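Asks:
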Amino acid sequence: MSALSIVRPALLVAAPFLLALGLILPLVRFETLYFFDQTPSLIDIVVSLWQGGDGLLAAIVALVSIVLPFLKMIGIAAEATAAGSGAGSLFYRRVVPHLSKWSMMDVLLVAIVIAAAKTTGLADAFTQPGLWCYAASSIISGLLHSLMGDAPGPK
-18 MSALSIVRPA LLVAAPFLLA LGLILPLVRF ETLYFFDQTP SLIDIVVSLW QGGDGLLAAI
42 VALVSIVLPF LKMIGIAAEA TAAGSGAGSL FYRRVVPHLS KWSMMDVLLV AIVIAAAKTT
102 GLADAFTQPG LWCYAASSII SGLLHSLMGD APGPK
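Numbered by our numbering, the letters in the sequence shown go through residues -18 to 136 in order.
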C-alpha cells in the first residue's frame, strides 16, 4: 500500500471539511474602537452584501467563494472515486483546471482588506480561523488536483 493511497482519501475528507469551516467561521476581526469589533464569516459577508442592496456583488462573491470551490471539490472527489471514465472524468479534465485558477482569490482579497484597514488607521484587523481554514482547503484541493494528475484513480 503506497503512501498516496493513504494520503489521498484523508485529503479528500479534509478539503471539504475545512471549506465548510472556512465558510462559517469568522474570517477577520475588525476593531474600530476599543469596545466595538466585528468578526464576519464568509457567509455573513455575502448575506450582508445582499441585504445592503449589493446583489450583484453578493452573487459574484458567493459564486467565486462558495459555489466554485464546491464544484471543484465535487469534481476532484468524483474523479478520485470513479473509474476515470465518463462525464465525471470529462468534468475533471475540462472544468476543474479553470476552477483552480480562482482557488486563492478570497484569501488574497481578505489579506488586502486587512492591509488596507491597518495602513489607513480606520481599524485594526486580525485574521481569524475561518481564513486559515479556507486557505488550507484551497491549498489541499490544489494539492489533490496535482496528485490526481500524477496518479490514476482507484482500480
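All C-beta atoms in this analysis are idealised placements derived from N, C-alpha and C, irrespective of residue type, glycine included. All of these numbers come straight from a predicted model, not from anything done at the bench.
From Val28 to Ser(-17), what does the alpha carbon distance come to, in whole angstroms?
Replies: For this step, residue 28 is matched to residue 47 along the sequence shown. For this step, residue -17 is matched to residue 2 along the sequence shown. Near 44 Å, if we compare the C-alpha coordinates of Ser(-17) and Val28.
Asks: Under 6 Å Cβ to Cβ from Asp105, same chain only, skipping five residues before and after it: list those, please.
Replies: Along the sequence shown, one-based indexing puts residue 105 at 124. Excluding positions up to five away in sequence, the list reads Glu12.
Asks: So the beta strand (DSSP E) Thr108 belongs to, where does it begin and stop?
Replies: The residue labelled residue 108 in the question sits at position 127 within the sequence shown. Element bounds for Thr108: Asp105 to Thr108.
Asks: Spatial neighbours of Gln19 within its chain, please: CB distance less than 6 Å, with the 5 preceding and 5 following residues excluded, ordered by chain position.
Replies: For the purposes of this step, residue 19 is taken as residue 38 along the sequence shown, with counting starting at 1. These residues qualify, in order along the chain: Phe11.
Asks: Tell me the DSSP secondary structure of Thr62 in three-state form.
Replies: For the purposes of this step, residue 62 is taken as residue 81 along the sequence shown, with counting starting at 1. Note: Thr62 maps to helix in three-state DSSP.
Asks: Kindly give me the distance between the Cβ atoms of Leu125 and Leu(-8), rounded to whole angstroms, as I take these residues to be in contact under 8 Å.
Replies: Position 144 of the sequence shown, counted from the first residue, corresponds to residue 125. Position 11 of the sequence shown, counted from the first residue, corresponds to residue -8. With a Cβ gap of about 5 Å, Leu125 and Leu(-8) count as contacting.
Asks: May I ask whether a heavy atom of the ligand ZN can be found less than 7 Å away from the beta carbon of Leu(-7)?
Replies: This structure lacks the ligand ZN, and indeed carries no ligand of any kind.
Asks: What number of angstroms, rounded off, separates the C-alpha of Ile26 from the C-alpha of Ser118?
Replies: As a working note, residue 26 is residue 45 in the sequence shown. As a working note, residue 118 is residue 137 in the sequence shown. Rounded to whole angstroms, Ile26 to Ser118 spans 19 Å at the Cα level.
Asks: Please list the terminal residues of the continuous alpha helix (DSSP H) segment that includes Asp25.
Replies: The count along the sequence shown starts at 1 and reaches residue 25 at position 44. Leu23 to Gln32 is the span of the alpha helix (DSSP H), which, as asked, contains Asp25.
Asks: Which first and last residues belong to the alpha helix (DSSP H) in which Ser(-14) is found?
Replies: Against the sequence shown, residue -14 aligns to sequence position 5. Start and end: Ala(-16) to Ile5.
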